[in-house]
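Inspection log for the structure reproduced underneath, given as structure tokens.
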Amino acid sequence: MRYLLPLGVFIVVAGFLFYGLNLNPREVPSPLVGKSAPAFQLARLDAPAEKFTPQEMAGKVWLLNVWASWCVSCRAEHPVLVELAKQQIVPVVGLNYKDQPDDAKKWLQHFGDPYLLSISDIDGRVGIDFGVYGVPETFVIDQKGIIRYKHIGPVTADSLKEKILPLVERLTRG
Amino acid sequence: MKTLLVWLMLCMATVTMANTAQPTAEEVRLGKIAAELRCLVCQNQSIADSHADLAVDLRREIGEQIAAGRSDRQIIDYMVDRYGEFVLYRPPFKITTLLLWLGPALLLIVGVFTLRRSLKTRRALVIDAPLDDEERRRAEALLAAPRERDAS
């Protein structure tokens, strides 16, 4: 009887610690979810003279995928995005983060270009506005320009099927 | 040869002097703010300590905002708006962080309370009954016995 209390405390603490084992400390919830995507104006990767602003996507559900040619996990993610582009379910805009445009263009030529268009964030300032801290990251943005979801790390076939695409479908239906 | 050596030493002296130059007020402020913010790339380092690309960018951003005349509060809010409260090494005091802030004090209070209670129950177990004459005589005899044995 007198050991019941310490045993209870032990079980509770062990339970919390066990739960903590399965948490990923690298996934920090973004305060931007539920808020308007930050406004920006950046040059297109393929045509630097032309500027892109998120307003151009108003009325559409779209994905903003942060990528870079120097980013190893982007390479792992890339085939998934190429496959997604083939299905033409949702437009993906690429935010080419802290990259050299030449390297980025070569990368797209080599691995395929799944993006509606890519924009160059050479000094990473737009990345800061989006709270980017690791590449790749993917944002789901709705018709009104509100960020609905942020995926940290490479998008996989599973995360597309289970999280991103159902959300896109729900948002598209309104 | 000697002149060359003197020259070399002089050059080194100027380098050392440049390094020990007093930091400007802006640099001190930048360092203070950066030390309060967690670098999300290497989470156990502050933006001031980290060499990660993002930390370098954020230090630049802080520097620019200081130059633009923004207050420390505004700069920290700017970071929290983008990266969330996780970037703060000193979390704000609010409902969700109540346990974090008050937890240790609460544990201390519970500990002191438990200690006092267990001391009290232990004291209650000790019955303070004085010996009567007969018992005293027996006790003295028992205590004296080994001494006599030692003496003999």
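Just so you know, the sequences run in chain order A and B.
With the first sequence counted from 1, adding 2 to any position gets you this note's numbering.
With the second sequence counted from 1, adding 29 to any position gets you this note's numbering.
Don't be surprised by glycine CBs; every beta carbon is placed ideally from N, CA and C.
Small disclaimer: the values here were computed from a predicted structure and weren't measured.
Neighbours of Tyr-135 of chain A in chain B, taken as residues whose beta carbon is under 8 Å from its own, are Leu-69, Val-70, Leu-83 and Tyr-112 in chain order. By the criterion of a C-beta distance shorter than 7 Å, Ala-63 of chain B is surrounded in its chain by Ser-75, Ile-76, Ala-77, Arg-88 and Ile-91, once the five residues flanking it on both sides are discounted. Residues of the same chain with a CB within less than 7 Å of the CB of Ala-168 of chain B, apart from the 5 flanking positions on each side, are Leu-160 in chain order.
Nearest Cα to Val-82 of chain A within the set A:Lys-165, A:Asp-160, A:Lys-53 and A:Leu-173: A:Asp-160.
DSSP, read as helix, strand or coil, puts Val-142 of chain A in strand. With a cutoff of 8 Å on beta-carbon distance, Val-68 of chain A and Tyr-21 of chain A are scored as not near each other. By the neighbour-count criterion, in which 16 or more other beta carbons inside 10 Å mark a residue as buried, Met-59 of chain A falls on the buried side. DSSP, read as helix, strand or coil, puts Ile-76 of chain B in coil.
The C-beta of Asp-86 of chain B comes closer than 8 Å to at least one C-beta of chain A.
Of all residues in the region 128-155 of chain A, the ones placed with a Cβ closer than 9 Å to any Cβ belonging to chain B are Gly-129, Ile-130, Asp-131, Phe-132, Gly-133, Val-134, Tyr-135 and Gly-136, in chain order.
Using a Cβ-Cβ cut-off of 8 Å, Gly-22 of chain A does not count as an interface residue toward chain B, since no Cβ of chain B sits closer than that to its own.
Per DSSP, reduced to three states, the secondary structure at Val-170 of chain A is helical. Taking 8 Å as the CB threshold, Glu-90 of chain B lines the interface with chain A. Here Ser-161 of chain A carries a helix assignment [DSSP, helix/strand/coil].
The Cβ neighbour count for Arg-28 of chain A, taken over all protein chains shown within 10 Å, is under 16; the residue is labelled exposed.
For Phe-115 of chain B, the chain A residues whose C-beta falls within less than 7 Å of its own C-beta are Val-30, listed in chain order.
Looking at A:Pro-93, A:Leu-162, A:Val-15 and A:Asp-125, the one whose alpha-carbon comes closest to that of Gln-102 of chain A is A:Asp-125. Neighbours of Gly-126 of chain A across chain B, judged by C-beta separation under 9 Å: Asp-82, Leu-83 and Asp-86.
The closest CA to that of Pro-93 of chain A, considering only A:Val-170, A:Leu-7, A:Val-15 and A:Val-11, is found on A:Val-170. Secondary structure note for Val-94 of chain A: its beta strand (DSSP E) is the uninterrupted segment 94-99. One thing to note: Pro-168 of chain A has its Cβ no nearer than 8 Å to the Cβ of Gly-155 of chain A.
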